[in-house]
Amino acid sequence: MDPALTKTLIGAVATVAVAAVTAGFQYSAKLREERRLLRIAIVEADAKVAATFGELIGRSHGRGRSELSDELIRVLLADGVLLDTIRQVYSDRIRNAPDSSAMVRQVLGELPIAHPIGTDDMDATLRVLAALGDKHEELTSAARGAVEGRASWKPLTDGPDLVLALKKREKWNRRSRLGKIRHFRERP
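Using our numbering, you'd call the opening residue of the sequence shown number 6 and step up by one each time.
Here it is, written out as structure tokens:
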């Protein structure tokens, strides 16, 4: 074989090898970046689900959103007999309290207006919580707690069934990966 041809072939093979190694490194870096972005997206989605889940738990127990009315603040801060009376009553309460800072927090805590939640809305929200708890392993225990907690003062008609289903899901969630594979037919 011609030495010049051999040298050319070796150079071509070396160029292809270097290009392949470079492409491998670039592909590996791209995969790492995609995994990092996926982890960030999962964390963001989990945070949204957790925030929504927390709001739903409040709704299922009859707690709506609270707000401090601008009109109420204007009336309270306007000069007049009402303002003088409120100042006198609250100043006496705060001055005579054993813990004045706690009393200030209590007084301010009485100002927000809470919007009530209807019974049907509470029941529907509780069922949504149970469905989310059944779907997401991280939410199962909290959903069961919400259903059980509501049972103490206004039980759902299907509440015991929901609790039983969520307990089965919790038992399933505690299994190892191998246990889940071996007993796949028992999945709730």
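Virtual Cβ for every residue (Gly too), placed ideally from N, Cα, C.
In the structure shown, the three-state DSSP call for Lys159 is coil. Going by DSSP, Gly67 is part of no alpha helix (DSSP H) at all; its letter is neither H nor E.
The three-state reading of DSSP puts Ala102 in coil, since its state is none of H, G, I, E or B.
Take Ile62, set aside five residues on each side of it, and the residues of its chain with a beta-carbon closer than 6 Å to its own are Ala151, in chain order. For Asp7, there is no enclosing alpha helix (DSSP H), as DSSP gives it neither H nor E. Looking at Thr124, Lys176, Gly164, the one whose alpha-carbon comes closest to that of Glu143 is Lys176. Your pair Leu171 and Asp139 checks out as a contact, with CB atoms roughly 7 Å apart and the cut at 8 Å. Taking 7 Å as the cut-off, the Cβ atoms of Ser105 and Ile99 count as close. If you draw a straight line from the Cα of Ala28 to the Cα of Arg44, it is about 24 Å long. By the CB criterion at 7 Å, Pro193 and Arg174 fall inside the cutoff.
Going by DSSP, Leu144 is part of no alpha helix (DSSP H) at all; its letter is neither H nor E.
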